[in-house]
Every structure is written in structure tokens, then in C-alpha cells.
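Working notes, structure below.
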């Protein structure tokens, strides 16, 4: 899968390192061998709501990428699609590309709002946060997403076609840390095998561990 | 924009007519002049949770499309991308295509979960539903999405490039009925002008009005 950079010039990523959505972009850039620089923007401290950041992304979210000429692209999965175009990480076949997109929309609608949000509440909100009342519902919905993934992976090694690609990257981002939100993967052997396969792909880089504060909160959640 | 069908054969749509996500697919099929048949699946009555439907889409959601050979594609915005490929409804330029995707991910993550869900609660749940307690938060978040749209549309006629396309279709679906969820468009003149432009595109078909039961609930919400 290793290949020469696409000649896109220097790409600047504005991202928050503990965020799975941001890590998706880093993982693909590393695997593509694409030159980039990373500007840390701590969304948990309001750094995506400054006038400077809102001028780049009026929706106030990371990640975004910025090209040499100042053009900006927002939304992690749209960034993956753009970077992966004409690489082995996005299928050539139109139907398979549509299936990759289908899994990426599944990820943003039926997976991330539960699995990522449960993790965020456990690790990045105080133990007495009223948001913790949402955890049972978020965990239930997270398990529903994992059941769908387990069913797919029971018959196939990857989410699209016969090789690893951006649908795998999108779904890996928060599945690999589902336990941080109290969502155990014990009942999903095919998902666990797939996580291990993704971690063995060339150029793989892991999501950083939570810092000590987040780790302590997660341990008590 | 009118053009000959793409030669995709007969496409079967499984959809719930009052759903904006489902209507997106109908609108593009009509505008493409693509032959299709529509099978009504009432998700408000559990018809997406039957074994027969789950065999087609394990995630239990409409819309899905099914080809003559039985292949299935889920997720409204992935369906739009597949249908629009090589048509004027999806830009040729890779960067503009990525921007279209970016708006479509925005729609599913930052818009639909608030504007569509507020509408669903107002029209399709009882007046004493505990879900109605969520309405203030959903409306607040819905307005945040509209502010982002208004800012974009204040300077440009469409969501991607210089013409109408699938990002407009995706965002139109629930913006045009935001008021059903108690989200008024009075403060968003550019959004209202854009809604009117979309409604004048060739082949446009409107989302059906809510039935009498839903309309009565909306009027009291």
C-alpha cells in the first residue's frame, strides 16, 4: 500500500490529538507518506470557538485541513475522501466507493455520536457532570452500531472491497477506544480481529493514550 | 441540467415518504429522469426492523436502494453520491467534490440530528412524549446549523461550486420543513432565498405535506 506522496504540497492539519476524528486524518497522512504539519487546537478548552478559528471553519470543529493557498476543507470523512482519491485507500469502482461512503455516513450518524460521545463524557467531563446521565442510552446505541459492524466483519476482512481503506480508518478511530466510554468489545470477536488487522497495516500510528487527568476520570467512570 | 438516464436499470427505493432523508433520493431520481420504483416502508411503525428489511440493511434504516441484481446501498447521502456520479449534480473537480461531501457530512452530523429530530418529535410522537423535553436543546443546535448555512449562502448561491447539486439536495431536505420542529427561518434570509431557488430547479418535487395526524400534532407543538 505504500506509495509516493500525491504532490499536494504541504498540508496543515488543525486538530486535537486525543480526538479520533482528528486522528483519522493523521493516520491516513502517515500511511500515504504525505508531508503535513499539525497545529494543536484544544476543542475541550474552546479553541475551536475563537474568531480566528471560526474564520477557517464557521462550524467550529476540528479537524480541518488547510492547503498552501489557504483553501480549507472541514469534516474528517470528507478530508479522508479527498486525500485518498486516486490511491489504494479508496476503491476505483464506483459502487465500492459508494459502499465506503455508506460506512462513513454510518460512522458519523450511528456510531460516533454514541461511542465517541460516551468516551468524551467519561474522560473529559467532571464526575458530577449532568451529561453522565446520558451514558446508559449512549452505550446502548453504541452496542447497536457494534452489532452491525460485527455482522459485516464476520464474513469479510475489511469494510469495503477486498482491502483496507478509508472506511476502515473512519470506523477504527473510535471503535479502538470504545472501552474508554464503558463499551466493552468482549462480545465482538470479528471486530476485535479487525482492529488487530488495522493496527498491522503499513505506516499505522496509534491514537495517543489519554493524559493522566482523562485516564483517571475514565478509570472511575 | 436535464439529461438522459444513466442506464442503471430499474432502481428500487425503500423509503418512508414523510422522511426528508428518503425524499432526497426521490428528488434526485426525478431530476435525473432515472426510472425507479418506490416501496413504502413506514419506519414510524417498525417496518425497518422486520427480519426481511434487516436482511437488506442491518442498520434498520431507510432509505436504501436496491439494483436489479439485488445489490443494496444504504445511507441517503451515499446514495446521492452514487446516483450523481458523472452527472452535473456532482462537481468534476476533486476539491469541489470534497466540499460537497463536507457539507453532506455537516448535514448528517450537525443539522439532521437536530432539525429533523425536532420535526419528528413534534409531528410523530404524542403530546405527552418524554422526548419533548429535548426540544429546547434540539432547537438551539438547529439554529446553530442554520447560522453556518446563512453565512455560507450570504456570499454564494449554492453549497458547492457555481451550480445546484447534491449538497443542496441533502441540506434542503429538512431545512425546508424546519418550522415543523419549531425552528423558524425568519432570521435567515439567505437560507430562505436558497430554498426558493432549489424549488425552482428543473424536475423539482416537493416533500409531501404531513398527514392530518402529524399536522395536528405539529400545530400543537
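Protein chains in written order, with the working numbering: chain S, 115 to 335; chain D, 115 to 335.
We treat Cβ as the ideally placed atom computed from N, Cα and C, and that holds for glycine.
First and last residue of the beta strand (DSSP E) that includes residue 179 of chain D?
-> Unbroken beta strand (DSSP E) run through residue 179 of chain D: 178 to 180.
Cβ contact check for the segment 225 to 238 of chain D and the segment 140 to 151 of chain D: 3 or more pairs under 8 Å | no
Those residues which DSSP pairs with residue 187 of chain D across a bridge = D/179
With a cut-off of 8 Å, do at least 3 Cβ pairs link the segment 222 to 237 of chain D to the segment 196 to 208 of chain S?
-> no
Between the Cα of residue 319 of chain S and the Cα atoms of S/121, S/128, S/132, S/332, which residue gives the shortest distance?
-> S/132
Hey, would you say residue 222 of chain S sits closer than 8 Å to residue 222 of chain D, going by beta carbons?
-> yes
By Cβ distance, which residues of its chain are closer than 7 Å to residue 245 of chain D, with the 5 residues on each side in sequence left out?
-> Here residue 245 of chain D has 235, 239 as same chain residues with Cβ atoms under 7 Å from its own Cβ, once five neighbours each way along the sequence are excluded.
Do residue 135 of chain S and residue 220 of chain D have their C-beta atoms within less than 8 Å of each other?
-> no
With respect to the alpha helix (DSSP H) encompassing residue 295 of chain S, which residues constitute its N-terminal and C-terminal limits?
-> Premise fails: residue 295 of chain S is in no alpha helix (DSSP H) and is neither H nor E.
Evaluate contact between the segment 295 to 306 of chain D and the segment 251 to 265 of chain D, counting only Cβ atoms and requiring at least three cross-stretch pairs below 8 Å.
-> yes
DSSP state of residue 289 of chain S mapped onto helix, strand, coil = Here residue 289 of chain S sits in helix by DSSP.
Selection of the segment 265 to 287 of chain S by Cβ proximity to chain D, strictly under 7 Å | 265
Could you name the residues of the same chain whose beta carbon sits closer than 8 Å to that of residue 117 of chain D, not counting the 5 residues immediately before and after it, in chain order?
-> Because residue 117 of chain D carries a pLDDT of 45, less than 50, the predicted location of this residue cannot be relied on, and no value is offered for it.
Mind checking if residue 222 of chain S is an interface residue toward chain D, Cβ cutoff 8 Å exclusive?
-> Closer than 8 Å: yes.
Quick one: residues in its chain with C-beta nearer than 8 Å to the C-beta of residue 253 of chain S, no 5 flanking neighbours on either side, listed in chain order?
-> Taken in chain order, the residues that qualify are 228, 232, 295, 296, 297.
Ordered along the chain, which non-local residues of its own chain (more than five positions away) have a Cβ less than 7 Å from that of residue 281 of chain S?
-> 214, 217, 218, 273, 274
Cut-off 6 Å between Cβ atoms - residues of its own chain near residue 248 of chain S, not counting five sequence neighbours on either side = none
What's the gap between the Cα of residue 126 of chain D and the Cα of residue 137 of chain S?
-> If I take the Cα positions, the gap works out to 38 Å.
Through-space distance from residue 286 of chain D to residue 312 of chain D, alpha-carbon basis = C-alpha separation (whole angstroms): 8 Å.
For residue 129 of chain D, name the three-state secondary structure that DSSP assigns.
-> strand
Which residues, in chain order, does the segment 246 to 265 of chain S contribute to contact with chain D at a C-beta distance below 9 Å?
-> Cβ contacts with chain D: 258, 259, 261, 262, 265.
Would you mind working out which of S/328, S/305, S/277 sits nearest residue 289 of chain S, comparing C-alpha positions?
-> S/305
Taking residue 199 of chain D as part of the alpha helix (DSSP H), name the residues at either end of that continuous run.
-> Premise fails: residue 199 of chain D is in no alpha helix (DSSP H) and is neither H nor E.
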